[in-house]
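Trainee: The structure follows.
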Amino acid sequence: MDSSGWIEFFTGGSLAERYAAYLAPRYDLITPTIVLYEVYKKIKRERGEETALLFSGQLSASHVVQLTESIAYLAADLSLRHGLAMADAIVYATAKDQDAQVVTGDADLKDLPGVIYVK
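Using our numbering, the first residue of the sequence shown is number 225, and each one after it goes up by one.
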């Protein structure tokens, strides 16, 4: 799940229940490190450090995937091919590297193979 999904879930947004379905134990969640950055930053700015740390702890309970050299190069290639911003490209490349799907509400990713778009 990308940052938009986690933020929607944590803040109780209108799509929170749809994202919650992907947090079921039957799914093996992976979290790219860039998602840790984005979620922590946004939650800290809007709700404070204590809440940001609490939510970050929940993210860290998933399988956190580090940004490796191979994922970085793949992200650059995917960014060029699909016109993706850096964070989106890293999330997408991490999913490709891990043979996973991306669950997102980000319209920039919605039409890509291997993406589940939540709207």
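Ideal Cβ placement from N, Cα and C applies to all residues, glycine included.
Remember, it's a predicted structure, so these values are computed and weren't measured experimentally.
1) What is the rounded straight-line gap between the Cα of P337 and the Cα of E270?
2) How big is the Cα-Cα spacing for E232 and L291?
3) Three or more beta-carbon pairs under 8 Å between the stretch 262-280 and the stretch 228-246, yes or no?
4) In angstroms, rounded to a whole number, what distance separates the CA positions of Y251 and A244?
5) Beta-carbon separation of S286 and I267 under 9 Å?
6) Which value, in whole angstroms, describes the spacing of the CA atoms of T255 and S284?
7) Does DSSP classify V342 as helix, strand or coil?
8) Leaving out five residues on either side along the sequence, give the residues of the same chain with a beta carbon under 8 Å from the beta carbon of V289.
9) For A324, collect the residues of the same chain with a Cβ closer than 7 Å to its Cβ; drop the 5 residues on either side in sequence, then sort them by chain order.
10) Restricting to runs no shorter than 3 residues, where is the beta strand (DSSP E) found entirely within the stretch 256-336?
Mentor: Answer, in terms of the structure:
1) Taking the straight line joining both Cα atoms gives about 33 Å.
2) 24 Å
3) yes
4) Distance between Y251 and A244, taken at the CA atoms: about 11 Å.
5) no
6) 8 Å
7) coil
8) Counting only Cβ-Cβ distances below 8 Å, and skipping sequence neighbours, we find I254, T255, P256, T257, I295, T318, D321 and Q322.
9) I254
10) 287-289 and 326-328
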